[in-house]
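Comments concern the structure below.
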Amino acid sequence: MRQKLESGLVDLRWLLVLGVIALFAFHWATVARTAVDVPYWDEWEALRPEALPNGLTWSWLTARHTDNRMLLTNLQIWVLYKAGGWNVALQQVLNFGLFGLLLAGLGLWARRNVEGLGPGTIAFFLAFTLSPLLYESHSMGGQSCFHLSLLFFMLAVLSLLQDDLPPRRLAAGIAFAWLSMNSHASGLSFCGALVLCFSLFKLSRLLGTNDPSLRRMHVMHLAAALAVVGLGVWLWSRGYQRHPDYPDMAWPYGLAFWRFYANLVSLGFGMDQLSMTLGLLCVAAAAAPVSLVFARKGPAVGVPFWRVSTMIVGILTCLAVIAAARAGLGLDWSKTSRYFEFSVMLVPLSAMAWSMALREARSRRLALGLLAAFCLLGFANNWDFSVYSLIASHRRAGLACLAEAMRGGPDLCKEVYPWPLGDKLERAKALKLSFTRGPRR
Amino acid sequence: MSEPARPGIWTWAVLGGASLWILACSPAQYLGRQHDDILFVIAAQALSYGDYALFTSPGSPPLVNVLPGLPLLLQPVVWLAGDWTPAYQIFSALLMAACPWAAWLWLRRRLDPAAALLAASVFATSPWVLSQAGTVMPEAPYTLLTALLLLALERPGTPGAPWLLLLLSQVRPAGLSLLPAAAARLLARKRLREAVLTLAPALAGLLLWSAWRWRAGQGYGAAHPFPVALADILFYLSAWGGCFLPEAWAGGKLALLLGLGLAGLAAAGLARAWRRSPWEPAAVMLVCAVLMHALWGGRHERHLIPLLPWLLWAAAEASGRRASVCLAILLACQLGFHATRRLGGSAWSKPELAATYSWLRSSRGPADILASPLYVRDGFYASRPSVPLPDAASSEELARLLSGRKVKLVLWQDSLDLPGAARLSDRGLFKPVYENEAEQARVYEVLPVR
């Protein structure tokens, strides 16, 4: 009886994994079905004279768009242009695959390194990242910058935070950190948190050994990472000027910051309502296992937990920077779809952290059960995929407007760009971009 | 302390029935009838938002008179239900329904099984308890948490006592009486460090609350001990005795005598408990709470709800082997005279000014500011921003104060029996625009001050 039950449970776990894969496939198919080949809002910046029309140049790749340097996204646009006139719909489909890669990487790493977290449980918590709450990122080709920033951050953490760190791995970790910084401004927050956690990690290893050569090695690793990443930050910030239209920064000593921050974090747990107390509970759910383990074990914390903690600290830091920069726009902005990508990562990461923090199987099951129930409650009303069809109809209307504009009509098509397109449309025609070639999806 | 009895079928049946009875009487009062209840709901929503202020009143004054403990406990209701006010009453009803169980959990360690069950039942069917069933007031959570705290204090090494103490001191000011209860035995045994650690969170909480109130410009008032104490003692004794007498006799001399008798029994029981186990937390709590309520200016029967299980325990202690018989008699009297009063609703079930509120909503502008003695309740039901009716010596002063706050309307309810109706009699300053004789309510428009 017990064997039958246990094998039944095993089957259920793999059923969960299959279910999440199916959900991913369904979401991908929905994005593919509703993607429209037309640039939207910020994507039109690729048609500035110094950007795509000027060819692949280092200055375009490293150019700043508002707060962001989007090296790889610009490269992606250039590659897609060369391959087929920059089909924006194809870019969206590819981006979803990139997002899937990020989730798969996180899931596989968790499976191998997190004790007490079976494949079904990992899949369950990863499922929440597939909510259509992230419609904004999945319906815009240019949002690959978010996925890349997160992906390279994760890779940097996995590369740098380990006991045995050969020079190859160190170089790779630093390179990933650079790429994260130069994919999206969030990478800067991630790298800041990474540098902090890497320093603390190295310090803990320094304190844990009396071997002079090992100590020297740890110091060198730390110095190298600090120097190179520090250089990267300095290069990134050269010439940076805050956009004049942005509101004043909201600092953590003010209530406005905490209200925004708490609501931003709670968005990741599916909470649509504006509630600071609920948000602080979500912050606690993510931060508590990190605090618990470090308070209990101090410098003796193992590498897997260091990695999960660094990722959690990185995400929380990134969200704090967003809160400081955007709180002045109003509390409603805390529920902006694209920020969900960062905050939702706290769900699987919290599950991993709690699983590693609690030694007893019963406590672990209770904590994960409570987290699961909490997330189910939050996400109960967040599975409406019809949002993509609505977006598609707007984009198609925009495409029709653009077709009219190309025939000499007015060049203001608010469905896809809030201001008159002017020369941008001319350059698009000159480049023979995919969407200018006639009726398409 | 005897080994606790395991719950048998009768325990489940009796306590389950008691809880169901409480739920059946819920809500005993409409939301807002006690004014404080609607304040707690608003405070919970304000706390959730992150700005602890009365957002229904112009200028959003800080909620300096509403301790954040109950609003904090109501957070899950805010998160789940938002503005749907019945959810708050349902939650409160469930808390009150859990109280007989919490009381029994504590009582079963001290009394024989029958006495413990009877005491919990007397508590559950008390007219005080039933009159507060489903009301969004702090007495139910306070009772529940007090039972948990006393259980935690009696098991050394149980974590949570300091945090329960913090929560209790933030749910009701009466929580101050629990501080000596938590520390007395530790101090008597010279375990100073443990006592400090136990009290630290609660004291820190009170300090922070006081600092925030002080920053908001609010201090603490002082009571006049002796006149207040006598009036309070007589009030509470009479109220307790009245629970076991017919309603018609509830406020009279017989009720006072019965209350005195019960109090005497409880005092004797306390003394006995003290001799057996000095500095027992429950005994210290009871003594401090009785002293506190004796000196407190505000006098309400519901204030004794959180003390009732322990008063019954003390009375049972004095009764010795006859405890079950005495409790059974009390239960029979209480059930017979009061238990069915709240079933099926009462005059408190619906707002007594329903028609007046309806007129205000339909006939006046949505931004018209309303002033009244129970302004939060009235503003809530009239769906209008509201401010308190200020104290003023004359009609002119009242009109000037109201005009300064841009108040358009004043709602006066005769049945509240408050002084000051004469200030609204000047027709040059206050124009009557609505009157409802059945509801004993009048609405005045504030005219511009000449």
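Respectively, the protein sequence lines represent chains A and B. Numbered by this note's numbering, the letters in the first sequence go through residues 2 to 442 in order. Numbered by this note's numbering, the letters in the second sequence go through residues 333 to 782 in order. Using N, Cα and C, we set each Cβ at its ideal position, and we do this for glycine too. Here the structure is a predicted model, which is why all the values come from computation and not from measurement.
Check the Cβ of residue i against every Cβ in chain B and list those closer than 9 Å, keeping chain order.
| i | result |
| --- | --- |
| R260 (chain A) | Y381, G382, D383 |
Less than 9 Å between the C-beta atoms of residue i and residue j, yes or no?
| i | j | result |
| --- | --- | --- |
| G271 (chain A) | S132 (chain A) | yes |
| L48 (chain A) | R308 (chain A) | no |
| Q407 (chain B) | A378 (chain B) | no |
| A465 (chain B) | A360 (chain B) | yes |
| S715 (chain B) | S704 (chain B) | no |
| M386 (chain B) | V373 (chain B) | The sequence as given places Leu at residue 386 (chain B); Met does not occur at that position. The answer is no: Cβ separation not under 9 Å. |
| S190 (chain A) | V322 (chain A) | yes |
| L510 (chain B) | L519 (chain B) | no |
| L400 (chain A) | V39 (chain A) | yes |
| F153 (chain A) | G106 (chain A) | no |
| L135 (chain A) | E405 (chain A) | no |
| S473 (chain A) | R396 (chain A) | Nothing about residue 473 (chain A) can be reported from this structure: the residues present for chain A run from 2 to 442 only. |
| A731 (chain B) | L659 (chain B) | no |
| T457 (chain B) | I637 (chain B) | no |
| E44 (chain A) | V94 (chain A) | no |
| A493 (chain B) | M617 (chain B) | no |
| F126 (chain A) | V348 (chain A) | yes |
| D424 (chain A) | P50 (chain A) | yes |
| S656 (chain B) | A446 (chain B) | yes |
| A434 (chain B) | I354 (chain B) | no |
| G601 (chain B) | E649 (chain B) | yes |
| M312 (chain A) | Y381 (chain B) | no |
| L597 (chain B) | L449 (chain B) | no |
| A679 (chain B) | W645 (chain B) | no |
| L741 (chain B) | E777 (chain B) | yes |
| G117 (chain A) | A362 (chain A) | yes |
| A603 (chain B) | L569 (chain B) | no |
Find the residues of chain A that neighbour residue i, judging by a C-beta separation of less than 9 Å, and give them in chain order.
| i | result |
| --- | --- |
| Q307 (chain B) | Residue numbering for chain B in the displayed model covers 333 to 782; residue 307 (chain B) lies beyond these limits and cannot be assessed. |
Please list the partners that residue i has in chain B, where partner means a Cβ-to-Cβ separation under 8 Å.
| i | result |
| --- | --- |
| L256 (chain A) | G382, D383 |
Taking DSSP's pairing of strands, which residues face residue i in a bridge?
| i | result |
| --- | --- |
| P394 (chain B) | B:A385 |
| A773 (chain B) | B:Q745, B:N768 |
| H66 (chain A) | A:N69 |
| I701 (chain B) | B:V739 |
| K763 (chain B) | B:E777 |
| V719 (chain B) | B:A703 |
Taking 9 Å as the threshold (beta carbon to beta carbon), is residue i in contact with chain C?
| i | result |
| --- | --- |
| G711 (chain B) | In the structure shown, chain C cannot be found, because the protein chains are A and B. |
What are the residues of the region 411-422 of chain B that lie near chain A, defined by any Cβ-Cβ distance shorter than 9 Å?
Under the 9 Å Cβ criterion, the region 411-422 of chain B contributes W411, L412, G414.
Any contact of the region 573-585 of chain B with the region 641-657 of chain B, i.e. 3+ C-beta pairs under 8 Å?
The region 573-585 of chain B is not in contact with the region 641-657 of chain B.
The region 357-377 of chain B contacting the region 438-446 of chain B, beta-carbon criterion three pairs below 8 Å:
Taking 8 Å as the limit for Cβ pairs, the verdict is that the region 438-446 of chain B does not touch the region 357-377 of chain B.
Counting pairs of Cβ atoms below 8 Å between the region 357-369 of chain A and the region 284-296 of chain A, do you hit three or more?
In short, these stretches touch, since the Cβ pair count reaches three.
Closer than 8 Å is the cut-off here; do at least three beta carbon pairs connect the region 684-699 of chain B with the region 739-753 of chain B?
Short answer: they touch.
If you pair each beta-carbon of the region 347-356 of chain A with each one of the region 108-123 of chain A, do three or more pairs fall below 8 Å?
At 8 Å Cβ cutoff, the stretches touch.
On the three-pair Cβ rule with 8 Å, is the region 11-23 of chain A touching the region 73-81 of chain A?
Taking a cut-off of 8 Å for Cβ pairs, the region 11-23 of chain A and the region 73-81 of chain A do not touch, as fewer than three such pairs fall below it.
How do the region 175-183 of chain A and the region 157-165 of chain A stand: do at least 3 beta-carbon pairs fall below 8 Å, yes or no?
Short answer: they touch.
How about the region 754-774 of chain B and the region 723-741 of chain B: do they share at least three Cβ pairs that are nearer than 8 Å?
Using a C-beta cut-off of 8 Å, the region 754-774 of chain B makes contact with the region 723-741 of chain B, since at least three inter-stretch Cβ pairs fall below that distance.
Quick check: the region 410-420 of chain B against the region 382-402 of chain B, are there 3 or more CB pairs under 8 Å?
The region 410-420 of chain B, when compared against the region 382-402 of chain B, does not touch it at the 8 Å Cβ threshold.
With a cut-off of 8 Å, do at least 3 Cβ pairs link the region 225-243 of chain A to the region 295-304 of chain A?
These segments do not touch.
Are three or more beta carbon pairs between the region 240-255 of chain A and the region 324-341 of chain A nearer than 8 Å?
When C-beta atoms of the region 240-255 of chain A are compared with those of the region 324-341 of chain A, three or more pairs fall below 8 Å, so the two segments count as touching.
Can we say the region 106-118 of chain A touches the region 62-75 of chain A, given the rule of at least three CB pairs closer than 8 Å?
In short, these stretches do not touch, since the Cβ pair count stays below three.
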